[in-house]
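Report on the structure given below.
Take a look at the structure:
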């Protein structure tokens, strides 16, 4: 069966510390629990988390929903947004099953990027890396006043802005992510073995006549 | 603090709802009445004149036509039908009864629902139609057995048949719009405010993936007014109904095999596989879309193994319709079986069920395979003992009886009803309560099977030329012939013996 890979790229730079990072964790928890109660998502969705601060790492590998554990996220350091895109490209290249002549591959991955700042590394390198792999929807979310939607538009046309990076807006963001994953996963032998002569019941009589 | 809004509905009744959105669908926002006996669903988009007219007819004339007739009370269990419309804050809403409690999870997921936390949530059909969700996630008490699953499908077919005979098409039969309760064998159609009336009200949704008819997918890119474009209709309902029945009996999708149509674009591959190149995974002559077991997870077995559990385990009546739906009629909408045919075949297949003798068999029931040595296809347990089979015959000319292609299996607790005894009686919503009572039953005694007559006044053991009055019993032997009734339509049965 085709899997739907979902990658969440989450900013864990210093500016996210405190309420924002706690809100992200709470949002993730709510999102996972919403997805677990969705029979489509349970059947097809696999989740991975890539975090980025001084550098980007795949914190949680692509994992079936029911086994997914929320990682303990800590916020500090810079914003390696370019690095995050490169890591995403590597993960997609490595994890997403390709279609071959014999087997159906996975759906194109759905990716969500959440940041409250701007890249402190080479963003263009990341964008270049990402161009080389096949990604389905990529939604970038600029959370809070310091985020730069214009910069994110270089990565994807789908950019949403949240005015603040507090728990309520982030909660709404993750609700929306789970709703979109749910929709994405929706988008989507008369060889009756002849029973050997004797073991089969003979046909019942074709007609019966009764003297009434 | 949420407030309660009070409105006057189109039918003059007073409608109240709590002003807090409880759910959102594709087109509507849903609010609950204070006592949770109905919901009010408001359309997000402004409704035009035609839309309002349609809602007025659905909540008015069409509803009355279905529920104010013979069998209307029975049908109330099969539909959650909108009862009235309301206007509030420049938005149009429909008033819809609350779903019956059977359609909310009682147990939910495994491990006392700690696995997923879905207790009390709606039983969306997708939960039950997926082998993986069944095997890994749902509490086994939610799954039902071979008999209740068949009954669930019968309820779906009956509901769709009733819509179609009223000249209506549902247009979006899918997991979300058909609530199921396999544990009790119930099903119920919801979201009926989008009903299509041919020539009068066109569809406003295209349908749902997995249930689209191939011609709808293949022409989806054309303009909706293009004469080549196929839109939802009674014929696409018939495809969706066939998919629903196949999936709820075999827990796999009939068209989702492993044939690759486009290596570079998964969406195009999917569109071809469900559209112009759709091919039954069990096509007898073209095996190219078979499910490859190498790519199947253990949780999806044995259901995804079409060699182990071919569609023919559903018995002769359903197998024949499955062939019509997915082999002959897949790309020829006119050849698709009607809901009426599905209903009849499901009723007859209920009579072919045999309890599995393995107390641990998950399915508990299997459809008799016409062999002298039947075995349960699910757990492999062979049947032991004598197995009488009653072949039903009807008379169209005095004294001459011809086969009805209808059999009744015998087991402890099995009953004979008036629709077995008389071909003019059919078990559906029009059945009277007197007709719904059993007329006799089967009992095993000293290794022999007997039919016990309870209320048939004219039962006769034909070969021995004996009357068997109510209270009497007759032994079932190979070749025995029982005449249930001498009245018009009265049936005769001929006994065959399998097993031993």
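Residue numbers (our numbering), protein chains in the order written: chain A, 89 to 300; chain B, 163 to 662.
Backbone N, C-alpha and C fix where the C-beta goes; we use that ideal spot for every residue, glycine too.
Among the CB atoms of chain B, one or more fall inside 8 Å of the CB of residue 187 of chain A.
With distances taken between CA atoms, residue 329 of chain B lies nearest to B:395 out of B:586, B:395, B:194 and B:370. Along the stretch 283-303 of chain B, the positions whose C-beta sits under 8 Å from a C-beta of chain A are 283, 286, 288, 289, 292, 294, 295, 298 and 299, read in chain order. At a cut-off of 8 Å between beta carbons, residue 257 of chain A makes no contact with chain B. In the DSSP assignment, residue 429 of chain B falls within the unbroken alpha helix (DSSP H) covering 428-436.
In the DSSP assignment, residue 473 of chain B falls outside any alpha helix (DSSP H), carrying neither H nor E. The beta carbon of residue 490 of chain B sits closer than 6 Å to those of 497, all from its chain and outside the five residues before and after it, given in chain order. Residue 192 of chain A and residue 371 of chain B have their C-alpha atoms some 18 Å from each other.
Listed along chain A, the residues sitting closer than 8 Å to residue 428 of chain B by beta-carbon distance are 90, 187, 192, 193, 194, 195 and 196. In summary, residue 164 of chain A is exposed, with fewer than 16 beta-carbon neighbours lying within 10 Å of its beta-carbon over all protein chains present.
When Cβ-Cβ separations below 8 Å define contact, residue 425 of chain B makes contact with chain A. The straight-line gap separating the alpha-carbon atoms of residue 182 of chain A and residue 235 of chain B is approximately 58 Å. Residue 376 of chain B sits away from residue 419 of chain B, with the two beta carbons spaced by 8 Å or more.
Ranked by Cα distance from residue 457 of chain B, the options A:107, A:142 and A:188 are led by A:188. Collapsing the DSSP output to three states places residue 138 of chain A in a strand. Looking at the DSSP output, residue 643 of chain B bridges to B:656.
The alpha-carbon separation between residue 308 of chain B and residue 518 of chain B amounts to approximately 10 Å. Using a Cβ-Cβ distance cut-off of 8 Å, the stretch 529-547 of chain B and the stretch 337-347 of chain B are not in contact, since fewer than three pairs of beta carbons, one from each stretch, lie closer than that value. Taking C-beta atoms under 8 Å as the contact rule, residue 291 of chain B and residue 250 of chain B fail to qualify, at a distance of about 36 Å. Residue 261 of chain A sits in a helix when the DSSP states are folded into three classes.
Following the DSSP letters along the chain, one finds residue 512 of chain B inside the alpha helix (DSSP H) bounded by residues 501-512.
Within the model, the alpha-carbon separation for residue 607 of chain B versus residue 614 of chain B is close to 12 Å. In the displayed model, residue 104 of chain A falls within a helix according to three-state DSSP. At a cut-off of 8 Å, the C-beta of residue 127 of chain A has a neighbouring C-beta in chain B. In this structure, the CA atom of residue 212 of chain B is about 44 Å from the CA atom of residue 95 of chain A. By the 16-neighbour rule on beta-carbons within 10 angstroms, residue 207 of chain B is exposed.
The beta carbon of residue 304 of chain B sits closer than 6 Å to the beta carbons of 269 and 345 from its chain, once the five residues preceding and following it are set aside; these are given in chain order.
Taking one beta carbon from each stretch, the stretch 551-571 of chain B and the stretch 190-198 of chain B have fewer than 3 pairs nearer than 8 Å; the two do not touch. For residue 199 of chain A, the enclosing beta strand (DSSP E) starts and ends at 198-203. Taking each of B:550, B:385, B:464 and B:365 in turn and checking the Cα distance to residue 411 of chain B, the smallest one comes out for B:464. The beta carbon of residue 433 of chain B lies closer than 7 Å to those of 379 in the same chain, with the five residues before and after it left out. Near chain A, meaning a CB-to-CB distance below 9 Å, the residues of the stretch 445-477 of chain B are 445, 446, 447, 449, 452, 454, 456, 457, 458, 459, 462, 466, 468, 469, 472, 473 and 474. Judged by DSSP secondary structure, residue 566 of chain B falls within the beta strand (DSSP E) whose first and last residues are 562-571. 121, 124, 125, 126, 127, 128, 130 and 131: these are the residues of the stretch 119-145 of chain A whose beta carbon lies less than 9 Å from some beta carbon of chain B, given in chain order. Cβ contact annotation for residue 479 of chain B (same chain, cutoff 7 Å, sequence separation greater than five): 507, 510 and 511, in chain order. In the three-state DSSP reduction, residue 462 of chain B falls in the helix class (H, G or I).
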